[in-house]
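A.B. asks:
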Amino acid sequence: MIGMPTVLEVAQFIEEMNSSRRTHIGFCGDRHEEIMDALLQDFTDVIWSDAFVGVKEHGEWVAMCGIDFDETRGLGEIWGPFAKDESFHSYDKLISVLLHNFPKKLHRVMVFPDIQNESVNSWAEQRGYTKLSEELIWTCTSEGYQSHQHELMLTEYKDVYYNALVSLHDKLFENAYLSGDEMVNGFNEKHNIFLVVEHGQPVGYVYVEASPEHGEASIEFIGVESNHRHKGYGRVLLHGALDWAFQQGVSEVTLCVSMHNEGAMSLYEKVGFRRSSHLIAWSKTIGT
-4 MIGMPTVLEV AQFIEEMNSS RRTHIGFCGD RHEEIMDALL QDFTDVIWSD AFVGVKEHGE
56 WVAMCGIDFD ETRGLGEIWG PFAKDESFHS YDKLISVLLH NFPKKLHRVM VFPDIQNESV
116 NSWAEQRGYT KLSEELIWTC TSEGYQSHQH ELMLTEYKDV YYNALVSLHD KLFENAYLSG
176 DEMVNGFNEK HNIFLVVEHG QPVGYVYVEA SPEHGEASIE FIGVESNHRH KGYGRVLLHG
236 ALDWAFQQGV SEVTLCVSMH NEGAMSLYEK VGFRRSSHLI AWSKTIGT
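The sequence shown begins at -4 in the numbering used here and counts up one residue at a time.
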């Protein structure tokens, strides 16, 4: 029976399903406390209660799926599909109900199953989703972090760098989930941006988010202008972000990188990051 679970039921169900790589979906979280916070705080364009659906059998939730919607881009990131029977029938049922009842116009959806989540990967392929990339999630713990002092001093973001930083971000990450404007305008006490500045202009930056209440942080963006690479700026930015994050009291920091970016992964490993999961990104235009 199709139904509407409570926010706690959604969070606990996702925690259970994401505890196994066989049924894991990326970017949803692994602990029900953080999942519930994300549902209540991050689902803004369409609130979580209008963006989730569940299936109940014999009084127990057996399948759930939701969509985190970005109205500006018409993009929905699928939280799921999660089904205990791992069947295409269950996935189709969830997606069909979600899309039919979704209150806003969706142009495209994406899903991020773990590489070991064979059922969702096969379902996505057979339902006409396009494989975009394979992404690796790396984690650095406070115990494993190899701290290092650098002569180069980083600059914390100030409004004077607004235009230059927005331009740099949009150049380096043209199709990112946050534009330069969105990144800087969403800046608050849980975020920090460190810059490498040459001749008054930022040539590299790192954007980091911390959630001390959940003991974790994430490096969302790190990049250096192409003609300023191979100067060690990436390493300095990485250390700056990690130093700040661990000072906020978090115990681990994560980041996501393409599996083909071997240079970046070599750097991450040197400072203490270890690979924690391997995701596949799938995308589909609605109506195809």
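C-beta atoms are modelled at their ideal positions from N, C-alpha and C, and glycine is treated no differently.
Return the residue from the list Leu262, Thr280, Gly282 and Gly(-2) that minimises the CA-CA distance to Thr134.
C.D. replies: Your numbering for residue 134 matches position 139 in the sequence shown. Nearest C-alpha to Thr134: Leu262.
A.B. asks: Below 8 Å between beta carbons: does that hold for Gln141 and Gly267?
C.D. replies: Position 146 of the sequence shown, counted from the start, is the residue given in the question as residue 141. Position 272 of the sequence shown, counted from the start, is the residue given in the question as residue 267. Closer than 8 Å, so yes.
A.B. asks: Asp87 to Trp118, Cα distance in whole Å?
C.D. replies: Stepping through the sequence shown from its first residue, residue 87 is reached at position 92. Stepping through the sequence shown from its first residue, residue 118 is reached at position 123. Roughly 9 Å between the two C-alpha positions.
A.B. asks: Taking 8 Å as the cut-off, decide whether the C-beta atoms of Val198 and His145 are in contact.
C.D. replies: Position 203 of the sequence shown holds residue 198. Position 150 of the sequence shown holds residue 145. Contact flag unset, no.
A.B. asks: Cβ of Ala6 within 8 Å of Cβ of His27?
C.D. replies: For the purposes of this step, residue 6 is taken as the residue at position 11 of the sequence shown. For the purposes of this step, residue 27 is taken as the residue at position 32 of the sequence shown. Taking 8 Å as the Cβ cut-off, Ala6 and His27 qualify as a contacting pair.
A.B. asks: So Met105 and Glu151 are supposed to be a Cβ contact under 8 Å. How far apart are they, rounded?
C.D. replies: Numbered from its first residue, the sequence shown carries residue 105 at position 110. Numbered from its first residue, the sequence shown carries residue 151 at position 156. Actually they do not touch by this definition, with Cβ atoms about 32 Å apart.
A.B. asks: Determine the DSSP secondary structure at His145, reduced to helix, strand or coil.
C.D. replies: Counting from 1 along the sequence shown, the entry for residue 145 is found at position 150. Collapsing the DSSP output to three states places His145 in coil.
A.B. asks: On the criterion of 16 or more Cβ atoms from any shown chain inside 10 Å, does His53 qualify as buried, or is it exposed?
C.D. replies: Taking the first residue of the sequence shown as 1, we reach residue 53 at position 58. When all chains shown are included, His53 counts as exposed.
A.B. asks: Once the 5 residues before and after Val219 are set aside, which same chain residues still bring their CB inside 6 Å of it?
C.D. replies: In the sequence shown, counting from the first residue as 1, residue 219 sits at position 224. Gly199, Tyr228 and Gly229.
A.B. asks: With a threshold of 8 Å, are at least 3 pairs of Cβ atoms found where one atom belongs to the segment 88 to 102 and the other to the segment 61 to 80?
C.D. replies: yes
A.B. asks: Using a threshold of 8 Å, state whether the C-beta atoms of Phe47 and Pro0 are closer than that.
C.D. replies: Working through the sequence shown from its first residue, we reach residue 47 at position 52. Working through the sequence shown from its first residue, we reach residue 0 at position 5. For Phe47 and Pro0, yes; Cβs fall inside 8 Å.
A.B. asks: With Ser213 as the anchor, note down where its beta strand (DSSP E) starts and where it stops.
C.D. replies: Residue 213 sits at position 218 when you count from the first residue of the sequence shown. From DSSP, the beta strand (DSSP E) with Ser213 extends over Glu211 to Val219.
A.B. asks: Relative to the C-alpha of Trp285, which residue among Lys126, Ser162, His143 and Gln243 is closest?
C.D. replies: The chain is shown from -4 up to 283; residue 285 falls before or after that span and cannot be answered.
A.B. asks: Less than 7 Å between C-beta atoms, sequence neighbours within five positions excluded: which residues of the same chain meet that for Leu93?
C.D. replies: Taking the first residue of the sequence shown as position 1, residue 93 is located at position 98. So the qualifying residues of the chain are Val48, Cys60 and Ile62.
A.B. asks: Nearest-angstrom Cα distance between Arg270 and Leu131?
C.D. replies: Working through the sequence shown from its first residue, we reach residue 270 at position 275. Working through the sequence shown from its first residue, we reach residue 131 at position 136. When rounded, the distance between both Cα atoms is 7 Å.
A.B. asks: Name the DSSP beta bridge partners of Met59, please?
C.D. replies: On the sequence shown, position 64 is the one that residue 59 refers to. Partner(s): Gly49 and Phe77.
A.B. asks: By DSSP's criteria, Cys135 is part of a beta bridge. Which residues make up the other side?
C.D. replies: Here the question's residue 135 lines up with position 140 in the sequence shown. Partner(s): Val248.
A.B. asks: Which residue marks the beginning of the alpha helix (DSSP H) containing Ile9, and which one marks its end?
C.D. replies: The residue labelled residue 9 in the question sits at position 14 within the sequence shown. Note, Ile9: alpha helix (DSSP H), Val2 to Asn13.
A.B. asks: Cutting at 7 Å between CB atoms, please list the residues of its own chain near Asn180, excluding the five before and the five after it.
C.D. replies: Mapped onto the sequence shown, residue 180 falls at position 185. So no residue of the chain qualifies.
A.B. asks: Determine, using beta carbons only, whether His102 and Thr249 come nearer to each other than 8 Å.
C.D. replies: One-based indexing of the sequence shown puts residue 102 at position 107. One-based indexing of the sequence shown puts residue 249 at position 254. Between His102 and Thr249, the gap from beta carbon to beta carbon reaches 8 Å or more.
A.B. asks: Under a Cβ-count criterion, where at least 16 other Cβ atoms within 10 Å of its own Cβ denotes burial, should Val155 be classed as buried or exposed?
C.D. replies: Here the question's residue 155 lines up with position 160 in the sequence shown. The residue in question, Val155, is exposed, as its Cβ has fewer than 16 Cβ neighbours within 10 Å.
A.B. asks: Have a look at His95, Leu237, Val201 and Ser206 and flag the residue whose alpha-carbon is nearest the alpha-carbon of Asp32.
C.D. replies: As a first step, residue 32 must be located in the sequence shown, where it is residue number 37. It is Ser206 whose Cα lies nearest to the Cα of Asp32.
A.B. asks: What alpha helix (DSSP H) runs, 4 residues minimum, are completely inside the segment 158 to 213?
C.D. replies: 175 to 180
A.B. asks: Looking at the secondary structure, which residues open and close the beta strand (DSSP E) in which Trp277 lies?
C.D. replies: As a position in the sequence shown, residue 277 is number 282, starting the count at 1. That run of the beta strand (DSSP E) goes Arg269 to Thr280.
A.B. asks: Please state if the CB of Pro98 and the CB of Asp45 are separated by a distance shorter than 8 Å.
C.D. replies: As a working mapping, residue 45 is identified with position 50 in the sequence shown. As a working mapping, residue 98 is identified with position 103 in the sequence shown. Cβ distance < 8 Å, so Asp45 and Pro98 count as in contact.
A.B. asks: Which residues in the same chain as Val325 place their Cβ atom closer than 6 Å to its Cβ, once the five residues preceding and following it in sequence are excluded?
C.D. replies: With the chain covering -4 to 283 only, the question about residue 325 has no answer from this structure.
A.B. asks: Can you give me the Cβ contacts of Glu208 inside the same chain, cut-off strictly under 6 Å, excluding the 5 residues immediately before and after it?
C.D. replies: In the sequence shown, counting from the first residue as 1, residue 208 sits at position 213. Excluding positions up to five away in sequence, the list is empty.
A.B. asks: Alpha carbon to alpha carbon, how far is Asp165 from Ala171?
C.D. replies: Looking up residue 165 in the sequence shown gives position 170. Looking up residue 171 in the sequence shown gives position 176. The alpha-carbon atoms of Asp165 and Ala171 are separated by roughly 8 Å.
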